[in-house]
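Asker: Residue numbers (the numbering used here): 16 to 385.
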Amino acid sequence: MGLEASIRAKCVPELGLQLVDSDGRRWGYWPANESGGVQAFTSEVEIMRGDLCQILHDGAKDKVRYKFGTSIARYTDTHTNGQGGPVRVEFTDSTAENYDLLVGADGLYSLTRKLMLSADPNPPNPLHALNQSIGYLKVPIAAEPGEEYNATAYIGTKGRCLLTRRNNPHELQVYLTSPNLTKRLQNIQDVPTQKQIFASEFRNAGWKAAEIVEQLLQSDDFYSQHEAYIRLNPWSCGHVTLLGDAGVCCSANGYGTSCAVVGAYILAGELVRHVVAKADGSCRSQNVQTALACYEKKLRPFVEVLQEGLDEEEDGSGGFQFKDWYIPVIQHLAWFASLFRVYKLAWLFSDRCPKGWKLPDYPELQIKSS
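1) For a test of the three-state rule: what should DSSP assign to residue 198, helix, strand or coil?
2) Distance, Cα to Cα, residue 63 vs residue 251?
3) Using only the alpha-carbon positions, how far apart do residue 190 and residue 160 sit?
4) Taking the alpha carbon of residue 316 as the reference point, which residue from 290, 303, 265 has its own alpha carbon closest?
5) Might you give, ordered along the chain, the residues of its own chain that have their beta carbon closer than 8 Å to the beta carbon of residue 102, omitting 5 neighbours on each side?
6) Which parts of the region 118-175 are runs of the beta strand (DSSP E), unbroken and 3 residues or longer, counting only runs that do not cross its ends?
7) Apart from the five residues just before and just after residue 125, which ones in its own chain have a Cβ nearer than 6 Å to its Cβ?
8) Grab the span of the alpha helix (DSSP H) containing residue 47 for me, first residue to last.
9) In terms of alpha-carbon separation, which member of 134, 183, 78, 238 lies closest to residue 166?
10) Give the C-beta separation of residue 151 and residue 237 to the nearest angstrom, bearing in mind that I take them to be a contact with Cβ-Cβ under 8 Å.
11) What are the boundary residues of the alpha helix (DSSP H) that residue 212 is part of?
12) Based on the DSSP secondary-structure assignment, which residues constitute the bridge partners of residue 237?
13) Who are the Cβ neighbours of residue 86 in its own chain at under 6 Å, not counting the five residues just before and after it?
14) What is the C-beta distance between residue 61 and residue 27, in whole angstroms, given that I count them as a contact (C-beta under 8 Å)?
15) I need the boundaries of the alpha helix (DSSP H) containing residue 354, first residue and last residue.
16) Threshold first: 3 residues or longer. Then list the beta strand (DSSP E) segments lying entirely within the region 67-107, N to C.
17) Check whether the region 218-234 touches the region 64-71, taking contact to mean three or more Cβ pairs, one atom from each stretch, closer than 8 Å.
18) Short of 8 Å in beta carbon distance, which residues of its chain neighbour residue 371, apart from the five on each side in sequence? Order them along the chain.
19) If we call anything under 8 Å between Cβ atoms a contact, is residue 33 one with residue 123?
This is the structure:
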């Protein structure tokens, strides 16, 4: 799409990741990777979600028609019953349109995925919940004099963790994670109640938690979710396919955006390579099916590596129970790593790209200069 320059111009000036204790004392530090290869916590390209969304939106707006304020309600895929017609999509605003291909990129709790699987009399449940809840927010906490642009992680008791990072001196982006909120947040949809639950959990967690909780209750920029992953085979049915978290969510392991962008690139490449338009402008069904099969064949090895180890126990705990005595152990391991400059510990920053897997090349997608 020719967006690399725009993305790099919006990169966060993050120098690295530090681990601190309740007094703010630094125990470990991992500098940003600026040379490619195996990535650290702060990658070569680190960008805020809102900035990336804006860049992608602006890069496609001249060739894409956006519809805001509505979402899919149901669809009819005539390719699955042999009629060979379009996918008829009905929206929540009572409008309907026909498409040659429906791509569900509607997140972890994808309605498109639910509708796609409903045709199966015994549909699988691809969503595997993990015993972690995550809250995201921005708070107006200004940088202190001389403060560097570092991501800061804090591990508190009862498995409560805080992560902060900033891309400007006026705002702090905060991530709150806890294994203790799954039942309390179950079926809670209204944001004020979610905020109260997170506030009660983190108010006495230590470090900057009390200040962050005070801002949390006033914040207009907050959302939360349960950590989970999606395992589904196949990702497509007829002329409907899934992309990103809707089909291949890898949990909150830091690879979600990469997996979605790589998946979109491969899907686009296979569609351009295999789909041949008829004289009337529609798509040959067989070619679309071939493109979707190739999309899955090429992307699945990458996804399977990212999902390694994400097996759950029956209680959804993932087989891991946090103990408070882990905290000093983690702190001293971080101190050891920093002392001996072991910046790329394999157990922290492993190269998750499968051996032998290479990003496919699609000359058909190359931008032609005008």
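Ideal Cβ placement from N, Cα and C applies to all residues, glycine included. As the structure is a prediction and not an experimental result, all values here were calculated from the model.
Answerer: According to the structure data:
1) Residue 198 sits at position 183 when you count from the first residue of the sequence shown. Helix, per DSSP.
2) The residue given as residue 63 occupies position 48 in the sequence shown. The residue given as residue 251 occupies position 236 in the sequence shown. Distance between residue 63 and residue 251, taken at the CA atoms: about 30 Å.
3) Numbered from its first residue, the sequence shown carries residue 190 at position 175. Numbered from its first residue, the sequence shown carries residue 160 at position 145. Computed Cα separation, rounded: 23 Å.
4) Taking the sequence shown and counting its residues from 1, the one referred to as residue 316 is at position 301. Scanning 290, 303, 265 for the CA closest to the CA of residue 316 turns up 265.
5) The count along the sequence shown starts at 1 and reaches residue 102 at position 87. For residue 102, where only same-chain residues beyond five positions count, the Cβ hits under 8 Å are 90, 91, 92, 93, 94, 113, 114, 115, 116, 117, 253, 254, 255.
6) With a minimum length of 3 residues, the continuous beta strand (DSSP E) runs that stay inside the region 118-175 are 142-154, 165-170.
7) By one-based count along the sequence shown, residue 125 stands at place 110. These residues qualify, in order along the chain: 119, 261.
8) Residue mapping note: residue 47 aligns to position 32 of the sequence shown, counting from 1. No alpha helix (DSSP H) holds residue 47; DSSP gives it neither H nor E.
9) Your numbering for residue 166 matches position 151 in the sequence shown. Ranking 134, 183, 78, 238 by Cα distance to residue 166 puts 183 first.
10) The count along the sequence shown starts at 1 and reaches residue 151 at position 136. The count along the sequence shown starts at 1 and reaches residue 237 at position 222. About 7 Å; that satisfies the 8 Å criterion.
11) Counting from 1 along the sequence shown, the entry for residue 212 is found at position 197. If you look at residue 212, you'll find it in the alpha helix (DSSP H) that goes 206-217.
12) One-based indexing of the sequence shown puts residue 237 at position 222. Beta-bridge analysis with DSSP links residue 237 to 152.
13) Along the sequence shown, read from residue 1 onward, the residue named residue 86 stands at position 71. The answer, listed in chain order, is 107.
14) Position 46 of the sequence shown, counted from the start, is the residue given in the question as residue 61. Position 12 of the sequence shown, counted from the start, is the residue given in the question as residue 27. Separation of the CB atoms of residue 61 and residue 27 is rounded to 5 Å, and the pair is thereby assigned contact status at 8 Å.
15) Numbered from 1 along the sequence shown, position 339 holds the residue referred to as residue 354. Start and end: 341-354.
16) Taken in chain order, the complete beta strand (DSSP E) segments of 3 or more residues contained in the region 67-107 are 87-92, 102-106.
17) No: fewer than three Cβ pairs fall under 8 Å.
18) Reading the sequence shown from its first residue, position 356 is the one you call residue 371. Apart from sequence neighbours up to five positions away, no residue of its chain approaches residue 371 with a beta-carbon distance below 8 Å.
19) For this step, residue 33 is matched to residue 18 along the sequence shown. For this step, residue 123 is matched to residue 108 along the sequence shown. Between residue 33 and residue 123, the C-beta gap is not smaller than 8 Å, which leaves the two residues out of contact.
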